[in-house]
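Student:
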Amino acid sequence: MTRLLGKAAAVAGGLALLTGVALAGAPAAGAAAAGAAASNQILNWNSDLCLGINGGGGEWGRTAIQWDCNGNPDQKWNFWASSGSYSTVKNENGLCLGIRNASTDLGAEALQWQCNGNDDQKWSITPAPGGGYRFVNKHSGFCLGIWGGHTNQGERAIQWSCNGNADQTWYFG
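Residue numbers (mature numbering (1 follows the signal peptide of the UniProt record, and there is no 0)): -24 to -1, 1 to 149.
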């Protein structure tokens, strides 16, 4: 019950965050510029693990994974209004969440890369059925999820056909 209430509060806070991004065309209150203290963690609904970067470093091309929330820069994300209803998701390493090689293949890995404005770095963040949010990639139309729906640390974040599964649902911490 406590876990569900915590998620409900995180979803309500996320809605306020995303409404600010969509309406203002600039970082929402609470989603400050990279390096600011008001960044948000993105947690997977299925595992309660944070979206982060393998090894935590700031090198281009490192794979996005789920890991215990530790407050490191690779797990702190800011949301910037992009084009239309899309947002750019940037971590405190100063790099954007995108898809490896701008692939449109099922199972392609999410990664951090230099922010370049390409469509593989643009995400539609919308309420998911049953709570939380889903991140839909503009370039591929696929949802951000966790490989195989696994709940273990270190599992890769990938894009897959949107199916409503819990591994494709995220909340903010």
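We put the CB at the ideal spot given by N, CA and C, even for glycine.
1. Nearest by alpha-carbon distance to residue 28: which of 41, 135, 22 is it?
2. Who are residue 21's beta bridge partners in DSSP?
3. Among 110, 99, 121, which one has its Cα closest to the Cα of residue 57?
4. From residue 122 to residue 88, what does the alpha carbon distance come to, in whole angstroms?
5. Kindly confirm or deny that the stretch 112 to 122 and the stretch 131 to 138 touch, where touching means at least three C-beta pairs closer than 8 Å.
6. With a CB to CB cut of under 6 Å and the five nearest residues on each side skipped, what residues in its chain are close to residue 39?
7. Among 104, 111, 118, 147, which has the Cα closest to the Cα of residue 140?
8. Give a yes or no on whether the C-beta atoms belonging to residue 137 and residue 80 are separated by under 8 Å.
9. Short check: CB of residue 22 to CB of residue 49, under 8 Å?
10. Suppose contacts are defined by Cβ-Cβ distances below 8 Å. Is residue 18 in contact with residue 118 by that definition?
11. Assuming the contact rule is C-beta atoms closer than 8 Å, residue 71 and residue 32 should be a hit. Round their C-beta distance to whole Å, please.
12. What is the C-beta distance between residue 64 and residue 97, in whole angstroms, given that I count them as a contact (C-beta under 8 Å)?
13. Kindly examine the ligand MG and report whether one of its heavy atoms sits closer than 7 Å to the Cβ of residue 112.
14. If we ignore side chains and look at the alpha-carbon of each, how far apart do residue 26 and residue 144 end up?
15. Alpha carbon to alpha carbon, what distance is there between residue 46 and residue 111?
16. Tell me where the beta strand (DSSP E) around residue 63 begins and ends.
17. To the nearest angstrom, how far is the alpha carbon of residue 52 from that of residue 16?
18. Assuming residue 158 and residue 146 make a contact with CB atoms under 8 Å, what is their CB distance in whole Å?
Tutor: Straight from the coordinates:
1. 41
2. In DSSP, residue 21 forms no bridge with anything.
3. 99
4. 16 Å
5. yes
6. 30, 85, 87, 132
7. 104
8. no
9. no
10. no
11. The pair is not a contact, with the Cβ atoms about 12 Å apart (cut-off 8 Å).
12. 6 Å
13. Judged by which ligands are present, the structure shown has none, so any question about the ligand MG falls away.
14. 13 Å
15. 22 Å
16. 63 to 67
17. 5 Å
18. Nothing about residue 158 can be read from this structure; the chain reaches only from -24 to 149.
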